[in-house]
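Numbering (this note's numbering), first residue to last: 224 to 421.
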């Protein structure tokens, strides 16, 4: 539990930073290999070790989460955060990815915590497993006759990260009595791994 907590804290620090760097690198045409070159086992210790890069990255992420409780590190992170907020373009990318990371990974977050069934496309008699991500903003729902709308993420199979976002009436979805992990396994396995209960 302690390990998982610090790993999540580390991810909340690194995900916005890494995504910001990644997008900026695309814009200036820097290939990813040039970044990962420096943590290659061949360059560090002289010979190839499978999974070396992943091991190093996980260690860095975990140590970041561990250090996030340290007052000095907290202050450094605060000022680093402030600096990024003043840089045009970088600010918008970083702040957006930070908000998304906090929404998904924060222990107190309700994002991706509820699994639902949705008929999609509507009235097609095809049903998909989806995730409730929150209530639709009033600024948007007012254009939809002020009906009760919810935000839904529909994952795709076998890669759930390439899904899409829709806003639907809350009355159009069915609550499913399974957790997110079970739903993801069901989706990724293309229906072959049956959840414990529906």
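We treat Cβ as the ideally placed atom computed from N, Cα and C, and that holds for glycine.
Fair warning: this is a prediction, and the values are worked out from it, not measured in the lab.
- Three or more pairs of CB atoms, one per stretch, sit closer than 8 Å, so the stretch 402–415 contacts the stretch 373–388.
- Around the CB of residue 345, fewer than 16 other CB atoms lie within 10 Å, so the residue is classed as exposed.
- Residue 388 sits exposed, since fewer than 16 C-beta atoms from the chains shown fall within 10 Å of its C-beta.
- Residue 388 sits in a strand when the DSSP states are folded into three classes.
- DSSP places residue 319 in the helix class (H, G or I) of the three-state scheme.
- Here the alpha carbons of residue 229 and residue 282 stand approximately 11 Å from one another.
- Per DSSP, the unbroken alpha helix (DSSP H) holding residue 304 starts and ends at 294–308.
- When secondary structure is reduced to three states using DSSP, residue 338 falls in the strand class.
- Straight-line measurement puts the Cα of residue 419 at about 10 Å from the Cα of residue 409.
- Secondary structure at residue 372: strand, using DSSP grouped into helix, strand and coil.
- By the criterion of a C-beta distance shorter than 8 Å, residue 363 is surrounded in its chain by 372 and 390, once the five residues flanking it on both sides are discounted.
- For residue 358, the enclosing beta strand (DSSP E) begins and ends at 350–358.
- Cβ atoms of residue 297 and residue 232 stay farther apart than 8 Å, at about 11 Å.
- Looking at 269, 347, 357 and 302, the one whose alpha-carbon comes closest to that of residue 376 is 357.
- Residue 396 is bridged by DSSP to 341.
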